[in-house]
Amino acid sequence: MSANLYEVLAAGFPADRGKACFRLPDGSALSYSALEDGTGRVAALLKARGVAIGDRVLVQTAKSPEAVMLYLATLKIGAVFTPLNTAYTESEVAYFREDAEPRVFITDAVAFAREAAALAPVRETTARGESDVASLIYTSGTTGRSKGAMLTHGALAANARALTTAWAFTGDDVLLHALPIFHVHGLFIAMHCVFLAGASMVWLAKFDDAQVLAGLKSATVMMGVPTFYTRLLENAAFTRDTAAHMRVFICGSAPLLPSTFAEFEARTGKRILERYGMSEAVIITTNPLNGDRVAGSVGYPLPGVELRIAGGETGGIEIRGPSVFKGYWRMPEKTAAEFTADGFFITGDVGRQDADGRVWISGRAKDLIISGGYNVYPKEIELVLDEMPGVIESAVIGLPHKDFGEAVTAVVIGACAEDDLIAAARKQLAAFKVPKRVFIVQDLPRNAMGKVQKNVLRTTYADTFS
Ligand code: AMP
Numbered sequence: 121m122s123a124n125l126y127e128v129l130a131a132g133f134p135a136d137r138g139k140a141c142f143r144l145p146d147g148s149a150l151s152y153s154a155l156e157d158g159t160g161r162v163a164a165l166l167k168a169r170g171v172a173i174g175d176r177v178l179v180q181t182a183k184s185p186e187a188v189m190l191y192l193a194t195l196k197i198g199a200v201f202t203p204l205n206t207a208y209t210e211s212e213v214a215y216f217r218e219d220a221e222p223r224v225f226i227t228d229a230v231a232f233a234r235e236a237a238a239l240a241p242v243r244e245t246t247a248r249g250e251s252d253v254a255s256l257i258y259t260s261g262t263t264g265r266s267k268g269a270m271l272t273h274g275a276l277a278a279n280a281r282a283l284t285t286a287w288a289f290t291g292d293d294v295l296l297h298a299l300p301i302f303h304v305h306g307l308f309i310a311m312h313c314v315f316l317a318g319a320s321m322v323w324l325a326k327f328d329d330a331q332v333l334a335g336l337k338s339a340t341v342m343m344g345v346p347t348f349y350t351r352l353l354e355n356a357a358f359t360r361d362t363a364a365h366m367r368v369f370i371c372g373s374a375p376l377l378p379s380t381f382a383e384f385e386a387r388t389g390k391r392i393l394e395r396y397g398m399s400e401a402v403i404i405t406t407n408p409l410n411g412d413r414v415a416g417s418v419g420y421p422l423p424g425v426e427l428r429i430a431g432g433e434t435g436g437i438e439i440r441g442p443s444v445f446k447g448y449w450r451m452p453e454k455t456a457a458e459f460t461a462d463g464f465f466i467t468g469d470v471g472r473q474d475a476d477g478r479v480w481i482s483g484r485a486k487d488l489i490i491s492g493g494y495n496v497y498p499k500e501i502e503l504v505l506d507e508m509p510g511v512i513e514s515a516v517i518g519l520p521h522k523d524f525g526e527a528v529t530a531v532v533i534g535a536c537a538e539d540d541l542i543a544a545a546r547k548q549l550a551a552f553k554v555p556k557r558v559f560i561v562q563d564l565p566r567n568a569m570g571k572v573q574k575n576v577l578r579t580t581y582a583d584t585f586s
């Protein structure tokens with residue numbers, strides 16, 4: 121067997137290939153044999169289009185089983201799967217086409233699979249080594265140009281194996297899949313566990329409340345971003361009974377509020393399992409499946425991951441381990457700048473590790489506010505604000521200020537008043553940490569993975585102190 125990730129994943133497919141891989145909302149299913157066969161045919165069409173080993177297959181398509189076939193077919197022939205967020209506009213896509221220089225650009229996976237239907241499936245999988253690139257994942261690029269993180273066959277296989285073990289996936293599992301598949305969460309983390317265990321998926325095109333509630337009835341595991349869980353909690357039909365048979369609810373891609381964790385436990389009796397990862401390293405830490413899951417902590421480094429904090433008790437999180445990416449596509453200087461001399465990747469996240477080994481994230485390094493020469497960690501202020509009466513969620517940013525350099529500013533969802541929050545914050549925080557302004561809003565801007573877009577907030581409120 122070569123290190124080709126497709127071969128690794130297919131070795132986990134169930135012996136009975138008639139078993140459902142995808143269970144669709146209309147009650148139909150698609151078996152593993154259909155997946156394998158479709159993958160082989162799509163591989164044949166890719167080859168017919170001239171796609172060779174190492175070529176980029178650029179994809180911007182709706183979520184469908186055929187899109188999964190396209191992913192697996194790309195791996196199978198040793199090409200490089202390069203998915204794009206479906207929200208990207210034509211002019212944004214133009215950048216990726218120029219940067220990735222793909223052999224093909226596919227915008228409709230269903231039509232592509234239909235075209236492949238008459239071809240004889242490719243049976244053999246192209247041999248690949250551990251360090252060969254399997255996928256290029258473009259980072260969301262909130263600062264500067266989006267970078268393509270090169271993930272290798274070996275890195276993805278290592279992470280998939282570690283997660284399948286950590287979360288104890290078996291062939292009896294049914295994963296509720298409502299995530300997009302242009303991002304590592306839905307594409308690698310969720311699906312690789314399913315394939316390695318030969319499990320099934322309730323396959324939803326997106327998070328639709330009614331479909332998720334119906335799908336949960338036959339699921340055992342759900343993976344989601346924090347907004348999935350807040351949406352479930354807003355729905356009165358989501359009860360203790362709905363969740364009673366679920367084995368585990370896993371959450372990540374953005375911080376889970378301790379209040380959501382608590383409310384979820386009060387409603388269902390279950391503690392959400394939070395984990396931490398990123399495009400450049402897939403999953404890095406996880407709360408334990410068996411053991412205490414602590415609200416606000418992202419848990420322990422996965423086996424094989426070395427994690428350290430640079431520069432003090434709270435500082436930059438640096439990691440080294442089998443799942444870390446190979447570098448940024450065609451950006452050797454950028455890559456070199458983000459690794460230390462001894463080979464640790466500088467994640468850009470700031471956090472700490474407690475005596476027990478648990479990791480706590482306090483935000484992104486670039487979100488650090490320097491006000492009047494003092495460092496202010498937004499997360500510390502957010503945690504204080506989130507505890508105040510009427511506050512649902514807060515985002516703290518630094519805005520340009522002629523005296524302080526940056527002024528601490530809060531944007532808050534909730535039924536509360538600016539003056540009251542500032543007065544209450546004064547009682548708990550050193551003066552330099554107290555927000556100089558608080559804006560009360562209905563909603564915070566978020567990306568597809570539920571992350572609050574602080575860059576958007578910084579632009580919106582840029583002139584506040586000018
Ligand atoms: P992406 O590469 O789009 O997956 O974004 C990765 C970033 O998301 C990480 O560097 C973290 O800043 C953030 N992130 C992911 N999971 C968590 C989590 N459980 N808690 C806090 N931040 C997280």
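For the sequence shown, our numbering assigns the number 121 to the initial residue and increments by one for each residue that follows.
For each residue, glycine too, the CB sits at the ideal point set by N, CA and C.
Predicted, not measured: the structure shown is a model, and the values here were computed from it.
Counted as a single uninterrupted DSSP element, the alpha helix (DSSP H) harbouring Met311 occupies residues 311-317. Within the region 387-452, the complete beta strand (DSSP E) runs of at least 3 residues fall at 393-398, 402-406, 426-430, 435-440. Checking the 6 Å criterion, the Cβ of Pro134 is out of range of every heavy atom belonging to the ligand AMP. Ala363 has its alpha-carbon roughly 13 Å from the corresponding atom of Asn355. Taking C-alpha positions only, Ser443 is separated from Ala282 by approximately 10 Å. Annotation for Tyr396 indicates a beta carbon within 6 Å of some heavy atom of the ligand AMP. According to the DSSP assignment, Pro203 belongs to the beta strand (DSSP E) that extends over 200-203. Two segments are said to touch when three or more pairs of C-beta atoms, one from each, lie closer than 8 Å; by this definition the region 339-355 does not touch the region 467-483. Partner residues in the beta bridge of Val470, as assigned by DSSP, are Gly436, Gly483.
For Pro421, the Cβ stays outside the 6 Å cut-off from all heavy atoms of the ligand AMP. In the structure shown, Gly344 falls within a strand segment according to DSSP collapsed to helix, strand and coil.
Set against 6 Å, the gap from the CB of Pro375 to the closest heavy atom of the ligand AMP is smaller. Between Ala193 and Thr227 a beta carbon distance of about 16 Å is seen, past the 8 Å cut, so the two are scored as non-contacting. The DSSP-derived three-state label of Glu526 is strand. Rounded to whole angstroms, the separation of the alpha carbons of Ser482 and Pro185 is 37 Å.
With the rule of 3 Cβ pairs closer than 8 Å, the region 136-155 does not count as touching the region 165-176.
Checking the 6 Å criterion, the Cβ of Ile481 is within range of a heavy atom belonging to the ligand AMP.
When secondary structure is reduced to three states using DSSP, Ser151 falls in the strand class. For the beta strand (DSSP E) assignment, the uninterrupted runs of no fewer than 3 residues enclosed by the region 272-303 are, from N- to C-terminal side, 294-297. Our two residues, Ser251 and Thr529, have alpha carbons roughly 45 Å apart in a direct line. Look at Val418: its beta carbon is less than 6 Å from one of the heavy atoms in the ligand AMP.
Within the DSSP secondary-structure output, Cys371 pairs in a beta bridge with Gly344, Glu394. Under the Cβ criterion (8 Å, minimum of three pairs), the region 371-391 does not count as touching the region 278-294. Under the three-state reduction of DSSP, Glu127 is assigned to helix.
In the three-state DSSP reduction, Tyr191 falls in the helix class (H, G or I). In the DSSP annotation of this structure, the continuous segment of the alpha helix (DSSP H) that includes Pro498 starts and ends at 498-506. Residue pairing of Glu513 in beta bridges, as defined by DSSP: Ile533.
Judged by DSSP secondary structure, Val230 falls within the alpha helix (DSSP H) whose first and last residues are 229-236. Between Ala220 and Thr209, the gap from beta carbon to beta carbon reaches 7 Å or more. Selection Val253, Gly471, Lys454 evaluated against Tyr396 yields Gly471 as nearest (Cα-Cα). Residue environment analysis places Gly318 among the buried positions, since at least 16 neighbouring C-beta atoms fall within 10 angstroms of its C-beta. Here Met321 is bridged, per DSSP, to Phe142, Leu295. Under the DSSP definition of a beta bridge, Ser491 partners with Tyr494, Gly525. DSSP places Ile542 in the helix class (H, G or I) of the three-state scheme.
Nearest to Phe445 by alpha-carbon distance, out of Lys267, Ser338, Ala568, is Lys267. Using a 10 angstroms sphere on the CB of Ser417, the tally of other CB atoms reaches 16 or more, which defines it as buried.
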